[in-house]
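Participant:
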Amino acid sequence: MQQVTPRLAGLLSLCYLTSCAAAPSVIAPRGPAAESIANLWWTLLAVGMAVYVAVMAFLFYALFRRRRADLDLRTPVPRSRVQVVVWAGIIVPALILLGVHGLTLGVLRILAEPETPPALTIQVIGHQWWWEVRYPEYNFETANEIHIPVGQPVAIELVSDDVIHSFWAPELHGKLDLNPGLTNHFWLQADVPGAYWGECAEFCGVQHAKMQFVVVAEPVDEFAAWVEQQRRPAQVPADPQAQRGLEIFLGSECIYCHTVAGTGATGNLGPDLTHLASRRTLAAGAVANNRGNLGGWITDPQHIKPGSLMPPTDLTGADLQALLAYLATLE
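Just so we're aligned, residue 0 is where the sequence shown starts under numbering that gives the first Met the number 0, counting upward by one.
Given below as structure tokens:
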């Protein structure tokens with residue numbers, strides 16, 4: 000086995016720290032629900048550290064104190080020492096546990112429902128392995144991206160189409176399962192604009208690790224503009240290559256699985272592609288949404304996400320480029 004040099008170890012540590020800094024964290028809250036969870040976490044950490052220090056102090060005192068030479072084990076234990084055991088071993092731990100229990104109940108009450116009525120309702124349906132996102136009040140749907148207005152609570156209805164999934168956006172809220180045949184109610188609120196990554200927190204199959212989503216919190220006016228854009232049907236391409244791509248798309252098996260509003264594609268087995276080009280990722284966060292990755296996803300999806308239900312598409316190079324040109328217009 001090759002020895003790890005100090006320089007290599009330092010580089011590995013730097014990469015690890017860099018990756019951790021970019022990951023969503025429960026102790027970096029960006030909403031009221033996540034803030035209550037983080038506050039509870041810090042409180043439990045402080046209490047745990049205080050208890051640990053106190054126990055270690057008693058332990059070291061017992062180990063290093065001088066033993067009396069005339070100590071007789073048959074002598075009754077002084078009452079003062081019994082009181083120490085009762086207080087330190089029973090009463091104080093019980094009070095700490097009761098306090099922690101009370102704090103936990105308070106946080107659960109905060110997590111149960113927002114202080115103000117939700118601004119809108121979003122339905123999130125879990126699939127193996129992607130997220131279907133519906134906006135019933137606006138009559139459109141998207142995939143793997145949840146846009147919400149900043150500073151306003153949003154009601155989330157969670158349901159699974161196949162197996163148990165778990166919805167978790169660490170910077171915004173806790174976890175809640177998606178169960179087949181059952182609708183669970185949740186809410187999100189982001190107080191700071193930004194993109195907050197989430198993931199499935201329940202093992203749901205071979206591509207569980209590649210089942211991510213992003214919550215995009217926008218100012219109210221930007222959110223309203225996004226909604227208006229998402230409600231529009233797909234535009235008719237003007238470029239000849241993109242027009243050829245539309246013909247290829249409508250003549251392929253893609254239309255049996257995907258919908259593109261304003262066209263004859265009305266499939267509902269896969270994500271709605273009406274505004275595919277505006278999304279950040281493909282395959283629920285597996286790869287970035289760019290032309291190269293999209294071409295690879297269309298021709299060989301099993302290479303990117305083994306086990307997914309997306310079948311390969313056999314196209315010539317020219318036809319693939321035309322199809323990619325058309326899909327790039329779906330903004």
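All C-beta atoms in this analysis are idealised placements derived from N, C-alpha and C, irrespective of residue type, glycine included.
Where do the ends of the beta strand (DSSP E) carrying GLU144 lie?
Facilitator: Element bounds for GLU144: 144-148.
Participant: Determine the burial state of MET0: buried for a count of at least 16 other Cβ atoms within 10 Å of its Cβ, exposed for fewer.
Facilitator: Confidence is the limiting factor: at MET0 the pLDDT is only 37, short of 50, which leaves the residue's position unreliable, though a coordinate-based value still follows. Burial call: exposed.
Participant: Go through its chain and collect everything with a Cβ distance to ASN236's Cβ below 8 Å, but skip five positions before and after it.
Facilitator: According to the sequence provided, residue 236 is Pro. The question's Asn does not apply to it. Contacts found: GLN242, GLY244, LEU245, ALA324, TYR325 and THR328.
Participant: Span of the beta strand (DSSP E) holding ARG133?
Facilitator: 129-134
Participant: So what does DSSP say about GLU114, is it helix, strand or coil?
Facilitator: coil
Participant: Would you mind sorting MET55 into buried or exposed? The rule is 16 or more other CB atoms within 10 Å of its CB.
Facilitator: Flag for MET55 reads exposed.
Participant: Could you give the first and the last residue of the continuous beta strand (DSSP E) run that contains TYR331?
Facilitator: For residue 331 there is no data in the structure shown, the boundaries of the chain being 0 and 330.
Participant: Quick one: Cα of TRP186 to Cα of ALA154, how far?
Facilitator: 4 Å
Participant: Find out if the Cβ-Cβ distance for the pair MET196, PRO23 is shorter than 8 Å.
Facilitator: A small fix is needed here, since residue 196 is Trp in this sequence, not Met. It is a contact, given that the beta carbons lie within the stated cut-off.
Participant: One question on the structure: do GLY284 and GLN211 come within less than 8 Å of each other, judged by their Cβ atoms?
Facilitator: yes
Participant: Excluding the 5 residues preceding and the 5 following ALA20 in the sequence, name in chain order all residues of the same chain whose CB lies nearer than 6 Å to its CB.
Facilitator: Confidence at ALA20 is low in this model, with a pLDDT of 41, below 50, so the placement of that residue should be treated as unreliable; the coordinate-derived value is given next. Cβ within range, chain order: n/a, list empty.
Participant: Would you mind sorting ASN143 into buried or exposed? The rule is 16 or more other CB atoms within 10 Å of its CB.
Facilitator: Per the 10 Å Cβ criterion, buried.
Participant: Is GLY96 buried or exposed, if buried means 16 or more other CB atoms sit within 10 Å of its CB?
Facilitator: In the sequence as displayed, the identity of residue 96 is Leu instead of Gly. Label assigned to LEU96: exposed.
Participant: Identify the continuous beta strand (DSSP E) that holds HIS56 and give its terminal residues.
Facilitator: According to the sequence provided, residue 56 is Ala. The question's His does not apply to it. Careful: ALA56 lies outside any beta strand (DSSP E), inside the alpha helix (DSSP H) at 31-63.
Participant: Measure the alpha-carbon distance for TRP128 versus PRO179 and round it to whole angstroms.
Facilitator: 14 Å
Participant: Among ALA93, LEU110, VAL215 and LEU319, which one has its Cα closest to the Cα of GLN240?
Facilitator: Ranking ALA93, LEU110, VAL215 and LEU319 by CA distance to the CA of GLN240 puts LEU319 first.
Participant: Measuring alpha carbon to alpha carbon, tell me which of VAL25, PRO117, TYR134 and ILE297 ends up nearest CYS253.
Facilitator: ILE297
Participant: Could you say if the region 213-232 and the region 133-142 meet the contact criterion of at least three C-beta pairs nearer than 8 Å?
Facilitator: yes
Participant: Roughly how many angstroms separate the alpha carbons of ALA118 and HIS257, rounded to a whole number?
Facilitator: 29 Å
Participant: State the Cα-Cα distance for the pair VAL46 and ALA93, rounded to the nearest angstrom.
Facilitator: 13 Å
Participant: Within 10 angstroms of its Cβ, does ILE26 collect 16 or more other Cβ (buried), or is it exposed?
Facilitator: exposed
Participant: Mind checking ALA287: buried by the 16 CB within 10 Å criterion, or exposed?
Facilitator: exposed
Participant: Could you spell out where the alpha helix (DSSP H) holding LEU298 opens and where it closes?
Facilitator: Note that residue 298 is Thr in the sequence shown, not Leu. It spans 290-298 - the alpha helix (DSSP H) in which THR298 sits, taken as one unbroken run.
Participant: How close, in whole Å, do the beta carbons of VAL213 and ALA194 come, if the pair is a contact with beta carbons under 8 Å?
Facilitator: Contact flag correct, Cβ pair sits at about 5 Å.
Participant: Rounded to whole angstroms, what's the CA-CA distance from PRO148 to LEU268? Just pull it up for me.
Facilitator: 29 Å
Participant: Should GLY263 be labelled buried (16 or more other beta-carbon atoms within 10 Å of its own) or exposed?
Facilitator: exposed
Participant: Can you tell me where the alpha helix (DSSP H) holding ILE247 begins and where it ends?
Facilitator: 239-249
Participant: Should ASP271 go down as buried or exposed, given a rule of 16 or more other Cβ atoms within 10 Å for buried?
Facilitator: buried
Participant: Taking Cβ to Cβ, would you say ALA260 is nearer than 8 Å to THR273?
Facilitator: yes
Participant: Could you please give me the residues that DSSP links to HIS164 through a beta bridge?
Facilitator: LEU177
Participant: How far does the alpha helix (DSSP H) with TRP225 in it reach, from first residue to last?
Facilitator: 219-230
Participant: Taking 6 Å as the limit between beta carbons, can you name the residues of its chain near SER35, skipping five residues before and five after?
Facilitator: Counting only Cβ-Cβ distances below 6 Å, and skipping sequence neighbours, we find VAL106 and ILE109.
Participant: Quick check on PRO311: does DSSP put it in helix, strand or coil?
Facilitator: coil
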